[in-house]
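Colleague: Provided herewith is a single structure, encoded as structure tokens, for subsequent inquiry.
Numbering (this note's numbering), first residue to last: 1 to 134.
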């Protein structure tokens with residue numbers, strides 16, 4: 001859950017297809033890191049729904065890093081965050097992750113990329129938050 005202004009709580013919902021696509025992408029690029037953008041929308045009740053993944057143009061996948069040029073992206077307010085893999089299996093965001101994170105959420109897919117238990121959602125502050133698969 002995410003705490004917003006006041007005492008209202010927002011939920012994070014992730015479509016099953018997005019979770020599966022994140023796991024497949026991470027497995028396909030392993031042992032390098034994969035980097036993807038998360039597209040979605042805010043629902044009337046304040047929940048964030050992650051509906052699609054986008055491969056950034058000219059993304060770079062390395063053995064201990066990944067990146068893309070944000071100036072190559074069109075202005076798209078439906079991009080809610082970034083997802084990337086951690087081939088080491090450590091699901092915690094690094095200082096670098098927190099410093100370059102974009103958007104409202106950051107998703108880390110940790111090796112072995114076997115199930116939704118390997119998908120972790122964080123706020124820009126680095127706080128891990130739960131999510132619902134829908």
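Glycine included, each C-beta is placed from N, C-alpha and C at the ideal position.
Keep in mind it's a predicted model, so treat the numbers as computed, not measured.
State yes or no: is the C-beta of residue 68 within less than 9 angstroms of the C-beta of residue 60?
Modeller: As a first step, residue 68 must be located in the chain shown, where it is residue number 68. As a first step, residue 60 must be located in the chain shown, where it is residue number 60. Result yes, Cβ atoms of residue 68 and residue 60 sit closer than 9 angstroms.
Colleague: Pick helix, strand or coil for residue 41, following the three-state DSSP scheme.
Modeller: For the purposes of this step, residue 41 is taken as the residue at position 41 of the chain shown. If DSSP states are grouped into helix, strand and coil, residue 41 belongs with the strands.
Colleague: List the whole-angstrom C-beta distance separating residue 25 from residue 18, where the pair is believed to meet the contact cut-off of C-beta under 8 angstroms.
Modeller: For the purposes of this step, residue 25 is taken as the residue at position 25 of the chain shown. For the purposes of this step, residue 18 is taken as the residue at position 18 of the chain shown. Incorrect: roughly 10 angstroms between the Cβ atoms, too far for contact.
Colleague: Sort 72, 63, 45 and 64 by Cα distance to residue 206 and report the nearest one.
Modeller: With the chain running from 1 to 134 in the structure shown, residue 206 is simply not present.
Colleague: Of all the options 86, 58, 77 and 47, which has the alpha carbon lying nearest to the alpha carbon of residue 22?
Modeller: As a first step, residue 22 must be located in the chain shown, where it is residue number 22. Nearest neighbour of residue 22 by Cα position, chosen from 86, 58, 77 and 47, turns out to be 86.
Colleague: Please state whether DSSP places residue 80 in a helix, a strand or coil.
Modeller: As a working note, residue 80 is residue 80 in the chain shown. Reduced to three states, the DSSP call for residue 80 is strand.
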